[in-house]
Structure formats: C-alpha cells, structure tokens
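Reviewing the structure listed below.
Numbering (my numbering), first residue to last: 2 to 338.
Printed below as a string of structure tokens:
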C-alpha cells in the first residue's frame with residue numbers, strides 16, 4: 002500500500018494557490034454582475050393567450066415594459082412563430098423567445114425576460130358545419146341553373162365533416178364537376194374564403210335525379226312501321242338512365258319509321274329511327290336534267306331507294322343510260338350536268 006507524503010512547505014503552496022483561484026473567480030463574477038449594460042425593457046410572458054392571426058407576435062404573448070419606446074414597439078412586433086391551426090394550441094417557452102430575440106439582433110443582456118410557466122397559445126376558430134355547406138350548395142344549384150331547365154330532385158348532399166376555420170368574414174365558391182349532369186352522383190367542391198382569402202376546399206357529393214322528357218313507344222312495333230302520334234308518348238326519365246341520343250321531342254319523330262322491331266316502353270333514339278325513302282327501287286320518276294340555264298325533262302326508273310336529298314341511281318327509260326341524281330320528292334329526281 003502506497004502512502005502519500007507531503008511536506009509542510011508543499012501544503013502551504015497548494016493552499017495559497019487555492020485561495021488565489023477562489024478570489025479570482027469572485028472578482029470576475031462580481032465584475033460581470035456590475036459591468037453589464039442597463040436593462041432597457043422587461044418582457045413578462047403570459048401563461049395563456051388566444052390569438053386570431055398568424056404569425057404570433059411577441060406582443061400577443063407578453064406584457065412589454067420599458068423607458069425606450071422604440072425598443073418596446075420593436076419587441077411587440079417581433080414575430081415569435083407560427084400560430085397553431087384554428088381551434089388548436091401550442092406552447093412557447095422563454096428559451097425559444099430569447100433565441101428569437103438574438104436572431105433578430107436584439108441585445109439579450111438589455112432585456113429582462115420573465116417566465117413563470119411556458120405560454121400556451123390558442124388559435125381562435127369558427128366552425129363551418131356540414132349543414133352550412135349543404136345550404137351553400139343548394140343555393141348554388143338555384144343560382145347557376147345546374148339542371149339546365151330540367152326538373153331535378155335532390156335526394157341528398159353528402160359532406161364528410163365540419164371545417165374549422167379562422168374567424169372572419171366567410172364566403173364560398175361552388176364548383177360542380179364538368180360533364181357530370183348525366184350522373185346521379187355529382188362531385189362538388191366548395192372553396193371557403195376567410196376575409197376574401199381562400200383558406201380551404203371541401204369536397205361533397207350531390208345525389209340527384211335529373212329528369213328529362215323523352216319519347217317512348219306505347220306498344221310493340223315491327224320493323225319499318227311508320228310512327229304516328231298514337232304510337233308514342235312523352236315520359237320523364239332519369240337522365241342518368243337514358244342514352245345521350247334519346248329523342249326528346251315528339252315533333253322530331255312523326256312520319257319517321259323504326260329500323261327494327263321494338264317493345265312497348267322503349268325510349269326512341271336517333272339511331273333506331275329514320276325517314277322512310279321517298280323513292281323506292283323500281284319507281285318511275287320524272288328526271289329533271291339541268292345544265293346551266295338548260296332544263297331537260299324525261300322519265301327514269303329508280304335502281305335504288307332514296308330519301309329526300311339522297312343520291313340514287315336511275316336509268317333513262319328512252320336511252321337506257323344510267324344516271325345519278327338527287328331525290329327532290331317522291332316523284333322527282335334532279336340530275337345536274
């Protein structure tokens with residue numbers, strides 16, 4: 002076992018060095034306490050505040066005092082950080098505030114920052130309820146004539162949730178999905194504005210039956226039967242359930258014929274009706290041959306059927322020469338040279 006042996010002179014030397022070191026620390030610390038710049042402002046942080054705006058200013062979360070009015074004003078306008086979302090909260094501590102002071106070039110040694118507890122910052126809010134959004138969409142339906150003159154029945158408007166927004170003057174912009182009028186489920190976006198600035202967009206779904214009058218057969222009809230007023234009726238149908246080429250006026254269908262056999266209740270379409278041919282194959286017609294101011298009339302025999310305005314083949318009965326002309330009516334074909 003080793004023993005530490007120290008002479009009396011060595012002990013006194015160590016003791017004198019320790020005393021000198023202690024005195025040096027005391028002097029230095031005393032000099033630091035007494036030689037600092039005077040305090041120009043006092044910042045007393047509040048335990049809890051409520052704010053409307055973003056960002057959060059130091060003047061929002063603290064009481065600031067001091068003789069230097071310019072510095073006090075500068076401190077009040079100092080941006081401390083982002084405000085929490087509407088209806089939410091966050092905490093700000095003195096250490097973070099001191100860092101913001103330093104980052105903005107404010108001498109920390111000239112400011113007294115007092116904090117008992119961290120400051121809780123709560124953001125004011127307003128709730129836009131689902132019922133409010135539904136009402137906005139209903140008003141837009143009327144204002145924009147979304148149904149385009151048709152009869153519409155709104156079954157429901159589905160909005161996912163309420164929206165929490167900052168307080169202020171609220172306004173809305175409603176946009177219906179393009180080319181969606183033929184669907185029972187129509188996507189709708191509602192942009193929410195606070196004090197004229199868009200804050201958030203809400204999505205909703207409009208469930209609606211949009212009704213359109215269409216021409217429907219009263220009874221079964223055979224191919225090539227001519228359509229009369231007794232064969233058809235106008236019926237309201239859901240627009241989502243009918244083809245885009247459905248016929249919507251009975252005046253567009255009279256004196257036409259159907260191109261295939263159809264059952265009662267069939268919605269008539271443009272692709273299954275046609276005008277019957279005015280000229281049938283084998284008909285004897287008057288052929289009017291026109292060349293400038295010259296007009297020659299003769300008889301011809303139709304080699305194909307044709308509707309008004311259609312081009313058909315005919316044979317001159319006298320010369321047996323084949324010609325092509327345009328159907329004028331049931332008895333006349335015009336040939337242009």
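Each residue gets a CB set at the ideal place from its N, CA and C atoms; glycine is no exception.
| Asked | Found |
| --- | --- |
| Distance CB(residue 41)-CB(residue 69) smaller than 9 Å | yes |
| According to DSSP, residues forming a beta bridge with residue 97 | Bridge partners of residue 97: none, in fact. |
| Rounded C-alpha distance that separates residue 220 from residue 278 | 24 Å |
| Cβ separation of residue 53 and residue 168, assumed to be a contact under 8 Å, to the nearest whole Å | 6 Å |
| Nearest candidate by alpha-carbon position, reference residue 106, set 261, 89, 79 and 134 | 79 |
| Residue of 292, 95, 247 and 245 minimising C-alpha distance to residue 43 | 95 |
| Pairwise C-alpha distance: residue 320 and residue 328 | 20 Å |
| Run of the beta strand (DSSP E) containing residue 118, from where it starts to where it stops | First-last for residue 118: undefined, no H or E at that position. |
| Rounded C-alpha distance that separates residue 218 from residue 271 | 14 Å |
| Given 8 Å, three or more beta-carbon pairs between the segment 162-178 and the segment 129-136 | yes |
| Cβ contact check for the segment 154-161 and the segment 194-210: 3 or more pairs under 8 Å | yes |
| Inter-residue spacing [alpha-carbon to alpha-carbon] between residue 114 and residue 45 | 6 Å |
| Opposing strand residues paired with residue 40 [DSSP bridges] | Answer is none; residue 40 lacks a bridge partner. |
| Cβ neighbours of residue 192 in the same chain (closer than 7 Å, five flanking residues each side left out) | 173, 174, 199 and 202 |
| Closest by C-alpha distance to residue 214, when choosing among 231, 187 and 249 | 249 |
| Collapsed DSSP secondary structure at residue 133 in the structure displayed | helix |
| Assigned secondary structure, residue 103 (DSSP; H/G/I helix, E/B strand, else coil) | helix |
| Residue 120 beta carbon less than 9 Å from that of residue 189 | no |
| Neighbourhood of residue 194 by C-beta, 6 Å cutoff - its chain only, sequence neighbours within 5 removed | 172 |
| Between the CA atoms of residue 305 and residue 315 - distance to the nearest angstrom | 8 Å |
| Endpoints, alpha helix (DSSP H) assigned at residue 70 | 70-77 |
| Cβ contact check for the segment 254-271 and the segment 283-299: 3 or more pairs under 8 Å | no |
| Classification of residue 124 by the beta-carbon crowding that lies within 10 angstroms, buried from 16 upward | buried |
| Cβ-based neighbour list, residue 247, same chain, cut-off 6 Å, excluding 5 preceding and 5 following | 215, 268 and 270 |
| CA nearest to the CA of residue 85, picked from 323, 331, 57 and 74 | 57 |
| When 71, 47, 74 and 72 are compared against residue 64, the one with the closest alpha-carbon | 47 |
| Local Cβ density within 10 Å of residue 323, reported as buried at 16 or more and exposed below that | exposed |
| Spatially closest choice to residue 170 from 196, 227 and 141, by CA coordinates | 196 |
| Whole-angstrom distance between residue 232 and residue 310, CA atom to CA atom | 27 Å |
| Opposing strand residues paired with residue 317 [DSSP bridges] | 301 |
| Residue(s) in a DSSP beta bridge with residue 188 | 206 |
| Whether residue 280 touches residue 274 by CB criterion (9 Å) | no |
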